[in-house]
Amino acid sequence: MSDKRFSLLETAIDVGVERRALDHAAAGAYASFEGWVRNHNDGRAVLRLDYQAYAPLAADEGEAILAEAAGRFAVREVRCVHRVGRLAIGDLAVWVGASADHRDAAFAACRWIIDEVKRRVPIWKNEHYADGESGWLHPDNTPVGSG
Amino acid sequence: MTYRLLYFASLADRAGCAEEVRDSAAGTPRDLYAEVAAAHRFPFAADRLRVAVNGAFVAWDHALSDRDEVVFLPPVSGG
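Structure follows, in structure tokens:
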């Protein structure tokens, strides 16, 4: 568990540890989002992923998103952890958690945070396919080959 | 001026390196990107990218200084 709201982690995310940061006596709700590595994308079989980040800016932009969320929603605390490095199918790639007095704000904050993280934080996904190819993904979901 | 450029994802693949130190007459990220995009045959027009200088997002007409760290950020795909 970090003292920052957003963190990049090179090792497995321990949700049980991370969610303790959300504890608050006034909170009656906790909602979370987990993004997992799936074994297919856009019709292709995926074997594993690599995530790469521009770490200093990713950390700052992630903190900014969570600070915005804390102001935008009636939450008690919000957190996000994103993996970097090599991940296997089924691994937890990103975790978002929000605690709030009531469930509506917790759900809404989680949804908003993951959408903003995907849109803004400088992290890139390289998919390794069963046919031996790999490609960096970009927002239109088109891999860009290395050729 | 001399710049330190960091490359990520498909830009690093195309450049064949994660960073380079480059002497350039370019005074803005826009001019510097045109130069390196041609040198490395980058697949993106500048309008699909964002640019950061010394760890913070800047505008494409930002005035660069000698020794700046410049990063052209391809479209992100975290999450």
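So the sequences go chain by chain: A and B. To convert a position in the first sequence, counted from 1, into the working numbering, add 144. To convert a position in the second sequence, counted from 1, into the working numbering, add 1056. Here a beta-carbon is modelled for each residue, glycine too, at the ideal position from N, C-alpha and C. On a predicted model such as this, the values are computed, not experimentally measured, just so you know.
Any beta carbon of chain A sitting closer than 7 Å to that of A1082 of chain B?
no
Following the continuous alpha helix (DSSP H) through G143 of chain A, name the residue where it begins and the one where it ends.
The requested residue 143 of chain A is not part of the displayed model; chain A covers only 145 to 291.
I'd like to confirm the pairing. Which residues does DSSP put opposite S243 of chain A in its beta bridges?
A:Y174, A:E221
I need the DSSP call for W256 of chain A, collapsed to helix, strand or coil.
helix
Look up K148 of chain A in the DSSP assignment and say whether it is helix, strand or coil.
coil
Could you please give the first and the last residue of the uninterrupted alpha helix (DSSP H) stretch that includes Y1063 of chain B?
Here Y1063 of chain B belongs to no alpha helix (DSSP H), and DSSP marks it neither H nor E.
Might you give, ordered along the chain, the residues of its own chain that have their beta carbon closer than 6 Å to the beta carbon of E205 of chain A, omitting 5 neighbours on each side?
R264, V265
Residues from the region 226–249 of chain A in contact with chain B, defined by Cβ distance under 7 Å
H226, V238
Let me confirm a value: W239 of chain A is counted as buried when at least 16 other C-beta atoms fall within 10 Å, else exposed. Which label applies?
buried
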